[in-house]
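Chains as they are written, first to last, in our numbering: chain A, 1 to 275; chain B, 276 to 532.
Have a look at this one:
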């Protein structure tokens, strides 16, 4: 179904959502219009699951105080710097960080998408401190085939996933362009999927390349058309990231007052928005 | 008469890293990886023809890199010989036998080659919350790990990291599935690892850098080799290739000579 960002967030992301997954990688393909709507409504979630490398979407939700726990393997801005709101919340202890690695996220999402009870991880991954820091998510069991010890990770089944794609058709099938990162997999694992797109698909656009870059409509709950809605992050094959705008965020978000100013200037100040 | 060509520290490090790569090997790198990407492209055009490299989260295989870009997921990287989906990249990393060289880094790097991109200080209340290690736990499965850092100071080079994102050589009886760290490249020097103790050993000093400078900037005492060489400067050919890739000047950082 085709919804406005306001209606999609209002109807499909309940307050206190247990596990919200947000897609994109680094400063690319963050579904920012959906994220901004969460902030406008002050819609809190219990646990945020990021893609293997999150950026503005996660930092904004954390800075707005809308996240109790974050399950992540990276929140930052690459060459532009560290994530200011994430740093402040994690360093003060206000935010619970559930350490994951890229493998636990991707194989966990495969498990969620395919109905597997858990994900067995490649040997050697137990040597990092990720599993020690997040014991609820990892266990060591005996491999029934070899008798060796093997680390397993919990399946990831987001209640809601917010992702971005280039275009969608009337049936809700969406078409990715450029890299689709873990967004397609995230959507396949989630119960409710909201896809932010740049535009509606042209006739025949999706059926021209259906094998790899499409998410069929039965896996999609709602489509939100938001032209240039990923800014200031990039939207592959549509526009690049707005580096001055990202730098301006990073500068303001260094303090709580500056963060509040960023929300004010970017139309996210007041709660009580109506759908 | 030899001609002195000026170069930046970024260019020197890219040249050093490129010389670690061999023909037809497979290399992989993660976030903030313009430097190893430049090293790989340089190697393809000089000493390692047929090298394959996977540019981080973009999934791009052999991105053409004209120009070099700052973000590892930039869509311009998809101008490449092939593109893997990101989940496919994680499969390749897990197999282990496919990856010859993993380029790694950290906010903290220690004497055993452990890298930390997570919490600095206590895990629950870190003094510095780093971004996180993404795929760094996978370094244990690669045949060689080349560690690079644009900072060489006592905050970065520590006796023991506070959190292991990318494991180096483990203490005690534990064994790595892969080959472990092989080289550290910094703005001051290169270090390799002593085969007997698996502890970092100073290998070369960059031109103009003194031993005292390195010891002052390093929070552990590297093993000192019998003979300390000077890192070979980038050749005019290497510099010419690097500059043709790098119209944005991403490598023109750091005072070289």
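Glycine residues also receive a C-beta, built at the ideal position from the N, C-alpha and C atoms.
Residue i in three-state terms, based on DSSP
i, result
"residue 296 of chain B", "coil"
"residue 269 of chain A", "coil"
"residue 432 of chain B", "strand"
"residue 209 of chain A", "coil"
"residue 441 of chain B", "strand"
"residue 448 of chain B", "coil"
"residue 282 of chain B", "coil"
"residue 276 of chain B", "For residue 276 of chain B, the predicted model reports a pLDDT of 44, less than 50, meaning its position is unreliable; a value from the coordinates is still stated below. Looking at residue 276 of chain B - three-state DSSP - the assignment turns out to be coil, as it is neither helix nor strand."
"residue 130 of chain A", "helix"
"residue 137 of chain A", "coil"
"residue 152 of chain A", "strand"
"residue 419 of chain B", "strand"
"residue 76 of chain A", "strand"
"residue 257 of chain A", "helix"
"residue 235 of chain A", "strand"
"residue 374 of chain B", "coil"
"residue 101 of chain A", "coil"
"residue 457 of chain B", "strand"
"residue 22 of chain A", "strand"
"residue 230 of chain A", "coil"
"residue 85 of chain A", "helix"
"residue 47 of chain A", "strand"
"residue 197 of chain A", "strand"
"residue 400 of chain B", "coil"
"residue 394 of chain B", "strand"
"residue 475 of chain B", "strand"
Residue i classed as buried or exposed, judged by whether at least 16 other C-beta atoms fall within 10 angstroms
i, result
"residue 88 of chain A", "buried"
"residue 194 of chain A", "buried"
"residue 182 of chain A", "buried"
"residue 383 of chain B", "buried"
"residue 540 of chain B", "Residue 540 of chain B is absent from the model: chain B starts at 276 and stops at 532."
"residue 141 of chain A", "exposed"
"residue 33 of chain A", "buried"
"residue 511 of chain B", "exposed"
"residue 200 of chain A", "exposed"
"residue 513 of chain B", "buried"
"residue 196 of chain A", "buried"
"residue 448 of chain B", "exposed"
"residue 166 of chain A", "buried"
"residue 209 of chain A", "exposed"
"residue 139 of chain A", "exposed"
"residue 36 of chain A", "buried"
"residue 468 of chain B", "buried"
Which listed residue (the options) has its alpha carbon closest to that of residue i
i, options, result
"residue 127 of chain A", "B:411, B:399, B:401, B:394", "B:411"
"residue 479 of chain B", "B:491, B:461, B:472, B:306", "B:461"
"residue 305 of chain B", "B:517, B:345, B:317", "B:345"
"residue 74 of chain A", "A:130, A:121, A:65", "A:130"
"residue 303 of chain B", "B:317, B:321, B:285, B:334", "B:334"
"residue 506 of chain B", "B:452, B:521, B:463, B:352", "B:463"
"residue 440 of chain B", "A:100, A:55, A:64", "A:100"
"residue 158 of chain A", "A:39, A:203, A:71, A:168", "A:71"
"residue 409 of chain B", "B:393, B:402, B:401, B:398", "B:393"
"residue 143 of chain A", "A:137, A:152, A:176, A:174", "A:152"
"residue 502 of chain B", "B:419, B:521, B:486", "B:486"
"residue 187 of chain A", "A:31, A:10, A:6", "A:31"
"residue 299 of chain B", "B:281, B:284, B:308, B:325", "B:325"
"residue 533 of chain B", "B:342, B:343, B:295", "Examination of residue 533 of chain B is not possible in this model, given that chain B is present from 276 through 532 alone."
"residue 450 of chain B", "B:525, B:415, B:366, B:373", "B:415"
"residue 438 of chain B", "B:432, B:467, B:390, B:477", "B:390"
"residue 4 of chain A", "A:161, A:203, A:227, A:217", "A:227"
"residue 522 of chain B", "B:319, B:297, B:283, B:342", "B:342"
"residue 357 of chain B", "B:336, B:370, B:375, B:351", "B:336"
"residue 113 of chain A", "A:93, A:146, A:161", "A:161"
"residue 293 of chain B", "B:508, B:527, B:524", "B:508"
Expected contact under 8 Å - CB spacing of residue i and residue j to nearest Å
i, j, result
"residue 234 of chain A", "residue 1 of chain A", "At roughly 27 Å, the Cβ-Cβ gap does not stay under 8 Å, so residue 234 of chain A and residue 1 of chain A are not in contact."
"residue 84 of chain A", "residue 260 of chain A", "Actually they are not in contact, since the Cβ atoms of residue 84 of chain A and residue 260 of chain A sit about 13 Å apart, beyond 8 Å."
"residue 395 of chain B", "residue 434 of chain B", "That pair is no contact at about 14 Å."
"residue 22 of chain A", "residue 57 of chain A", "5 Å"
"residue 61 of chain A", "residue 221 of chain A", "Residue 61 of chain A to residue 221 of chain A, Cβ: 20 Å. No contact."
"residue 111 of chain A", "residue 156 of chain A", "7 Å"
"residue 250 of chain A", "residue 80 of chain A", "6 Å"
Residue i Cβ short of 7 Å to the ligand PLP heavy atom set
i, result
"residue 17 of chain A", "This structure does not include the ligand PLP; it has no bound ligands of any sort."
For the pair the region 411-428 of chain B and the region 368-388 of chain B, tell me if three or more CB-CB distances fall below 8 Å. yes
Do the region 281-292 of chain B and the region 262-269 of chain A make contact, defined as three or more Cβ pairs closer than 8 Å? no
Can we say the region 45-54 of chain A touches the region 5-21 of chain A, given the rule of at least three CB pairs closer than 8 Å? yes
If you pair each beta-carbon of the region 491-508 of chain B with each one of the region 305-316 of chain B, do three or more pairs fall below 8 Å? no
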